[in-house]
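Numbering (my numbering), first residue to last: 263 to 507.
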Amino acid sequence: MAGRFDLAGVGPGDPELMTIKTIRAIKACQVLVLPIGSPELKKPELEEREEETFAKECLAYRIACEAEPETKKKLRLYLPMPMIKEKKLLKEIHDAGARKASELLEKGKNLVFLTIGDPTVYSTGIYIYKRLKKMGYQGEIFSGIPSFCAAAARLEISLVENRQELHVFQGSYGIEEKLKLPGTKVLMKTGKKMAQVKAVLKEEGQQAKMVMNCGMDGEKIYKCTEEIPEDAGYFSIVIAKEKEK
263 MAGRFDLAGV GPGDPELMTI KTIRAIKACQ VLVLPIGSPE LKKPELEERE
313 EETFAKECLA YRIACEAEPE TKKKLRLYLP MPMIKEKKLL KEIHDAGARK
363 ASELLEKGKN LVFLTIGDPT VYSTGIYIYK RLKKMGYQGE IFSGIPSFCA
413 AAARLEISLV ENRQELHVFQ GSYGIEEKLK LPGTKVLMKT GKKMAQVKAV
463 LKEEGQQAKM VMNCGMDGEK IYKCTEEIPE DAGYFSIVIA KEKEK
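So, in structure tokens, the structure goes:
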């Protein structure tokens, strides 16, 4: 009998925000699937030793280890997940990852793919999950607290009230038009585009707040646009709204 492939969110960074469901899934599986962005990992690799060759590079794994000690006892399947835009190459990488996962599933192993935040919001794991579903394997998606929800809580603000709209998008694509949308705008993965984001916000007369590394070591909170640094890190969540009149 084939195993199951579950996709589980570990939340934004604070181990205490991991769900009971994700912890139970980790305990019940034989193999953890970890997305690795390092260029040194060229193909899917199953690690049964204790060295944790690439595990330290997976933030979701580190969060899970703090929340559930049994995490370290599991086998680890490393899947290359480089930050590139070439669609053909990405398809080949995702296909290879799904094939390797299916080999373990056919041996009756239960797999859990760990992803930071929530699996339905810009998660690399969804590409593997959808492929395995098409191949006929069973599994579920276990929600995690989205990083932008955690960021709003840290800032002690609401994302939307009454009839306001909420827009969530990556801060690296077409931000000029997106920041003109009504309601609240959540910018994720802004990275090197922060200077451009700040310029557009100023031009549009909007105000923003930001949380960097929400729930992690080195967390920083910026409560106005002027405070936000232009070299913001990858794990930065910007929440922008029109200035109150």
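Backbone N, C-alpha and C fix where the C-beta goes; we use that ideal spot for every residue, glycine too. This structure is a prediction, so every number in the text was calculated from the model and none was measured.
task = Spatial neighbours of Glu466 within its chain, please: CB distance less than 7 angstroms, with the 5 preceding and 5 following residues excluded, ordered by chain position.
result = Take Glu466, set aside five residues on each side of it, and the residues of its chain with a beta-carbon closer than 7 angstroms to its own are Leu441 and Lys442, in chain order.
request  = Under the assumption that Gly275 contacts Ser405 (Cβ atoms under 8 angstroms), give the Cβ distance between them as a whole number of angstroms.
outcome  = So it is not a contact: roughly 16 angstroms between Cβ atoms.
query = Is Arg500 near Thr452, with beta carbons less than 9 angstroms apart?
reply = Per the sequence presented here, residue 500 reads as Val, with Arg not at that position. The answer is yes: Cβ separation under 9 angstroms.
message = Restricting to Cα atoms, I'd like to know which of Leu308, Ala329 and Cys486 is closest to Val473.
response = Cys486
request  = Mind checking which residues open and close the alpha helix (DSSP H) that includes Lys440?
outcome  = Per DSSP, Lys440 is one residue of the alpha helix (DSSP H) stretching across Ile437 to Lys440.
request  = Verify whether the separation of the beta carbon atoms of Ile490 and Tyr496 is less than 9 angstroms.
outcome  = no
ask   = Which partner residues of Ile499 appear in the DSSP bridge assignment?
value = Met450 and Val473.
ask   = Considering only the beta carbon of each residue, do Ile437 and Val422 sit closer than 9 angstroms?
value = no
request  = Rounded to whole angstroms, what's the CA-CA distance from Glu427 to Thr284? Just pull it up for me.
outcome  = 30 angstroms
query = In whole angstroms, what separates the C-alpha of Tyr391 from that of Gln432?
reply = 22 angstroms
query = Touch check for the region 344-351 and the region 361-374: three-plus C-beta pairs under 8 angstroms?
reply = no
ask   = Out of Lys471, Pro306 and Ser385, which has the shortest C-alpha to C-alpha gap to Met456?
value = Lys471
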